[in-house]
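Numbering (this note's numbering), first residue to last: 19 to 204. The C-beta atom is built at its ideal place from N, Cα and C for all residues, glycine as well.
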């Protein structure tokens with residue numbers, strides 16, 4: 019896998035993501051997509067991608083999260099997802115988990131909130147998008163995972179709710195990734 023492959027697969031991936039966002043009913047909330055994330059299974063591929071991405075942007079964060087490096091690359095030319103510009107790419111180095119498919123894995127949407135944990139975020143999201151109540155309760159085919167990933171120096175809580183269906187994943191969190199990175203240096 020390389021930048022060329024990612025460029026070629028982005029249109030199909032972004033179309034699937036856009037359709038899933040609509041299926042979830044999140045399109046009516048006009049949430050901003052702050053970044054897209056990749057999955058790779060070996061360190062050599064991750065290192066090669068870092069070198070290729072540095073030609074098209076620059077690394078704005080390189081943190082250890084859950085025991086492995088996760089880089090955020092700000093692109094000189096943003097990706098397009100429907101009518102929005104996606105400025106950043108998340109590149110996690112591989113863990114022990116082997117992914118069935120390398121490449122684009124998910125996008126993350128910003129649901130502006132002061133939620134400090136997943137429970138608070140869920141409540142606020144259901145208040146704004148009641149159709150999510152059944153999804154989050156596990157009453158649909160959509161898988162839901164709640165987590166609170168945190169870098170070593172992050173000062174803002176950024177609870178995350180992931181929605182997954184047929185290999186497509188959309189995550190929602192309260193703060194833009196660039197705001198989280200800025201909080202590390204505050």
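By a C-beta neighbour count over all protein chains shown, 10 Å radius and 16 as the cutoff for buried, is residue i buried or exposed?
| i | result |
| --- | --- |
| residue 29 | exposed |
| residue 192 | buried |
| residue 147 | buried |
| residue 116 | exposed |
| residue 76 | exposed |
Residue i to residue j, Cα distance in whole Å?
| i | j | result |
| --- | --- | --- |
| residue 177 | residue 84 | 15 Å |
| residue 88 | residue 32 | 22 Å |
| residue 66 | residue 109 | 11 Å |
| residue 79 | residue 150 | 32 Å |
| residue 11 | residue 70 | Residue 11 is absent from the model: the chain starts at 19 and stops at 204. |
| residue 60 | residue 118 | 13 Å |
| residue 139 | residue 45 | 18 Å |
| residue 72 | residue 35 | 25 Å |
Tell me residue i's beta-bridge partners as DSSP assigns them.
| i | result |
| --- | --- |
| residue 108 | 55, 90 |
| residue 103 | 98 |
Any idea what DSSP makes of residue i, helix, strand or coil?
| i | result |
| --- | --- |
| residue 22 | helix |
When the cut-off is 8 Å and only beta carbons count, does residue i lie next to chain B?
| i | result |
| --- | --- |
| residue 53 | The structure shown contains no chain B, having only a single protein chain. |
In the stretch 118-201, which residue ranges form an unbroken alpha helix (DSSP H) of at least 4 residues, counting only runs that do not cross its ends?
136-146, 150-154
Kindly provide the ranges of any alpha helix (DSSP H) runs that are 4 or more residues long and lie completely inside the stretch 25-83, ordered along the chain.
61-74
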